[in-house]
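>
Protein chains: 2
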Amino acid sequence: MPEHPTERAAVTLWLTGLSGAGKSTLAAALAAQLSARAVPHLCLDGDVMRTGLCRDLGFSAADRQENIRRVAEVAALLNRAGLTVICSLISPLQADRDRARAIIGAEKFLEVYLCTPLAACEQRDPKGLYRRARRQEIHEFTGISAPYEPPQTPALSIDCSQEPVERAVTRLLALWSTHC
Amino acid sequence: MPEHPTERAAVTLWLTGLSGAGKSTLAAALAAQLSARAVPHLCLDGDVMRTGLCRDLGFSAADRQENIRRVAEVAALLNRAGLTVICSLISPLQADRDRARAIIGAEKFLEVYLCTPLAACEQRDPKGLYRRARRQEIHEFTGISAPYEPPQTPALSIDCSQEPVERAVTRLLALWSTHC
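Protein chains in written order, with our numbering: chain A, 12 to 191; chain B, 12 to 191.
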């Protein structure tokens, strides 16, 4: 319960990976499991945040950095209030993720790498963005024309092209339960 | 419970008023009552937000505007997730508060005016800021060298120099209960 002292420490599960890697799908499936366990939680989705708190930001390196900083600050605030947070953001650069880790606190920041290969993400292309990026209608698109730096030591790696959602969520819950 | 459909609609109580008017004190007292009723809630305090999400912002008109926008965006996010939010920010300008109302949604935005008179705030001066503002060590200080525009039609007005905290909280709870 927010504002209540809780027995459990609230953590942030930070889902990073390419567009189309399955971040939002996994976040929703994990959230449903936390709901079933009556764990207070909140999802912070990169696309959704860009329609509100981060609506003034674009996709330059500086703006991506500020985008990630703001999401991390909100996650930290929610963790302190006892809510578990699931962040789903491409967050392509290690330095930006490290800043998020510093803001949230290393012991509360669980970096989850969605390592679904580019080819699978591009084939899936749920928002049609890869097609547009290949046509150069979108510039600085992660994986095509902008870098993605894989986490060096993620708490968990999940390839959504190989692993069923249910199994991935079971592993996420196991990770979560050892940190709360 | 966040991410759960709730029977109650979550609202934002927006406490505006001069520095030292009693915003944080009232917010804490109200939060305690919401805790006692097991109502999921979160406090967003202006001073605290400036140490995190809004740490890059100063006190110029543009920065105050962005500060209020960000807090309002977070409040809207939390309301959507079913959490009641108590914001305590000086938020001196009506236009900025109106923008917050638009972001949060007019039906969820309860504007509470802490109308404690300047003289009482200055006498209380819990942070020593008025003394410093009178010495011109702080510029653009609300009530001294920067304007405060009282709300035209607040949902509630509270003068903390006249009304005991307990009575004010009772009135805040009554207001809240008619909007949730």
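Cβ atoms here follow ideal geometry from the backbone N, Cα and C, with glycine treated the same way.
#1: Between which two residues does the beta strand (DSSP E) carrying A:Val22 extend?
#2: Kindly list, in the order they appear in chain A, the residues whose Cβ is closer than 8 Å to that of B:Arg81.
#3: Are the CB atoms of A:Val96 and A:Ala166 within a distance shorter than 8 Å?
#4: Could you compute how far the alpha carbon of A:Leu55 sits from the alpha carbon of B:Ala130?
#5: Does the separation of the CB atoms of B:Ile115 and B:Asn90 fall below 8 Å?
#6: Taking any Cβ of chain B, which residues in the region 100-111 of chain A have a Cβ under 9 Å from it, in chain order?
#7: Return helix, strand or coil for A:Glu122, following the three-state DSSP convention.
#8: In three-state terms, what does DSSP make of B:Thr95?
#9: From B:Ile101, B:Pro51, B:Val50 and B:Leu45, pick the residue whose C-alpha is nearest to that of B:Ala59; which is it?
#10: From this set, A:Thr62, A:Glu148 and A:Phe120, which residue's C-alpha is nearest A:Glu84's C-alpha?
#11: Does any residue of chain B bring its CB to less than 8 Å from the CB of A:Ala113?
#12: I'd like the list of long-range same chain contacts for A:Leu104, defined as Cβ closer than 7 Å, with 5 residues on each side in sequence excluded.
#13: Note down, one range per segment and in chain order, each beta strand (DSSP E) of at least 3 residues found wholly within the region 32-100 of chain B.
#14: Can you list the residues of chain A that B:Val85 reaches, using a CB-CB cut of under 8 Å?
#15: By the three-class DSSP mapping on this structure, what secondary structure does B:Ala131 have?
#16: Below 8 Å between beta carbons: does that hold for A:Ser99 and A:Ala38?
Working from what's here:
#1: Translated into the one-based positions of the first sequence, residue 22 of chain A becomes position 11. Where A:Val22 is concerned, there is no enclosing beta strand (DSSP E), given that its DSSP letter is neither H nor E.
#2: For the purposes of this step, residue 81 of chain B is taken as residue 70 along the second sequence, with counting starting at 1. The answer, in chain order, is Leu64 and Arg81.
#3: Here residue 166 of chain A is taken as the residue at index 155 of the first sequence, counted from 1. Here residue 96 of chain A is taken as the residue at index 85 of the first sequence, counted from 1. No, they are not a contact pair.
#4: Translated into the one-based positions of the first sequence, residue 55 of chain A becomes position 44. Translated into the one-based positions of the second sequence, residue 130 of chain B becomes position 119. Going by the C-alpha atoms only, they are around 43 Å apart.
#5: As a position in the second sequence, residue 115 of chain B is number 104, starting the count at 1. As a position in the second sequence, residue 90 of chain B is number 79, starting the count at 1. The answer is yes: Cβ separation under 8 Å.
#6: none
#7: Translated into the one-based positions of the first sequence, residue 122 of chain A becomes position 111. Note: A:Glu122 maps to strand in three-state DSSP.
#8: Your numbering for residue 95 of chain B matches position 84 in the second sequence. DSSP places B:Thr95 in strand when its eight states are reduced to three.
#9: The residue given as residue 59 of chain B occupies position 48 in the second sequence. Sequence check: residue 59 of chain B is Val here, not Ala. Cα-wise, what sits closest to B:Val59 is B:Ile101.
#10: Along the first sequence, one-based indexing puts residue 84 of chain A at 73. A:Glu84 has its Cα closest to that of A:Phe120, out of A:Thr62, A:Glu148 and A:Phe120.
#11: Locating residue 113 of chain A in the first sequence gives position 102, counting from the first residue. A:Ala113 does not count as touching chain B.
#12: In the first sequence, counting from the first residue as 1, residue 104 of chain A sits at position 93. Glu160, listed in sequence order.
#13: 52-56 and 95-99
#14: Within the second sequence, residue 85 of chain B is the residue found at index 74, counting from 1. Correct list: Leu64, Val85 and Leu88.
#15: In the second sequence, the residue the question calls residue 131 of chain B occupies position 120. If DSSP states are grouped into helix, strand and coil, B:Ala131 belongs with the helices.
#16: In the first sequence, the residue the question calls residue 99 of chain A occupies position 88. In the first sequence, the residue the question calls residue 38 of chain A occupies position 27. The answer is yes: Cβ separation under 8 Å.
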